[in-house]
Amino acid sequence: MIKKQIILITLVSSIFSQIDYTTQIQPIFNNYCTSCHSNGGAYFGGLDLSSYSETIEGGDNGNTVLPNDFVNSVLYQRIILDEDNYLFMPQDGSSLPQSDIELIEQWINEGALETPSLSSSELNFIPNNFMLYQNYPNPFNPLTVLCYDLPKNSSVRINIYDILGNIVCNLVNKNEESGYKSVQWNATNNQGEAVPAGLYFYSIKAGEFSLTKTMILLK
Ligand code: HEC
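Count the sequence shown with this note's numbering and you get residues 1 to 219, in order.
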């Protein structure tokens, strides 16, 4: 009986652990972004981050938050860039704390809602399929981010190969829990040396799943 209650409590509290925009995401934007992105975004690409509706409305180039798709959300792409990249946000600042970046990632994954939805069908902590996404940015120099999805706990290997198929870097080789994952590559080989400009392959093996994609290092 007690066991059942504990299970129920854990279940309910995990549903409530969904991200709430007003108390968890807006404070991040207030701390790091609204000094520039407010007043209807008059000065900066039309992007106003001072309220939920303004944030979702996006900027002059359209939505910067795509619900359930953090990888393709410009807002997310901009905050994970290297600080030296001219597209990096917050412009003129330093990287958001990793915990804030993860909150934004989880918020977008859950559908970029204003208040947590209690319907379990909208919970989206665990992806449905294995996936390896196109790296971002691409072309890059020297930092790029590879994102991938693990629908279940898996032993994961991500290797980088040069155009001749030689292994350049064993980037990931470990057991990982299910979820939305990302890893950075700084264009160095296994010896820590910078690699030359050119075309590279990156491939993932996770359980039975494998996929290879290409990326371009420009110098
Ligand atoms: C010091 C001022 C400044 C700060 C602080 C700042 N930005 Fe920006 N932001 C800009 C400028 C200027 C642009 C337009 C030029 C560009 O696209 O890089 C921009 C553009 C953007 C864009 C692209 C808009 C579009 O429509 O494509 C996004 C997304 C963005 N910022 C997100 C953020 C986020 C998130 C934060 C806080 C973590 C932030 N910015 C903090 C100045 C700033």
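A virtual CB, placed ideally from N, CA and C, is assigned to each residue, including glycine.
{"Check": "Proximity of P116 and I25 at Cβ, strictly below 8 Å", "Outcome": "no"}
{"Check": "As assigned by DSSP and simplified to three states, the class of V65", "Outcome": "coil"}
{"Check": "The beta strand (DSSP E) enclosing T144, as first and last residue numbers", "Outcome": "T144 to L150"}
{"Check": "Distance cut-off 7 Å: V145 Cβ against heavy atoms of the ligand HEC", "Outcome": "no"}
{"Check": "Euclidean distance between Cα positions of L81 and F88", "Outcome": "5 Å"}
{"Check": "Y245 beta carbon near the ligand HEC (any heavy atom closer than 7 Å)", "Outcome": "The displayed coordinates of the chain run from 1 to 219. Any statement about residue 245 would go beyond what the structure contains."}
{"Check": "Check: D92 C-beta below 7 Å from any heavy atom of the ligand HEC", "Outcome": "yes"}
{"Check": "One or two residues paired with V156 in a DSSP bridge", "Outcome": "K174 and A206"}
{"Check": "The ligand HEC heavy atom lying under 7 Å from the CB of F70", "Outcome": "no"}
{"Check": "Candidates R78, I104, E110 and Q184, of which the one nearest D92 by Cα", "Outcome": "R78"}
{"Check": "Cβ neighbours of Y32 in the same chain (closer than 7 Å, five flanking residues each side left out)", "Outcome": "P90, G93 and L96"}
{"Check": "Contact test: D60 Cβ vs the ligand HEC heavy atom, cutoff 7 Å", "Outcome": "yes"}
{"Check": "Closer than 7 Å: L218 CB and nearest the ligand HEC heavy atom", "Outcome": "no"}
{"Check": "In DSSP terms, what L211 is bridged to", "Outcome": "I204"}
{"Check": "Cβ contact (3+ pairs, closer than 8 Å) linking the region 157–172 and the region 98–108", "Outcome": "no"}
{"Check": "Top-ranked residue by Cα proximity to N224, from V168, Y76, N61 and A112", "Outcome": "Shown here, the chain extends from 1 to 219; a query on residue 224 therefore has no answer."}
{"Check": "Inside the region 82–135 only - alpha helix (DSSP H) runs reaching at least 4 residues", "Outcome": "98–109"}
{"Check": "Cα-Cα separation, G207 to T214", "Outcome": "21 Å"}
{"Check": "D60 burial status per 10 Å Cβ neighbour count (16 or more: buried)", "Outcome": "exposed"}
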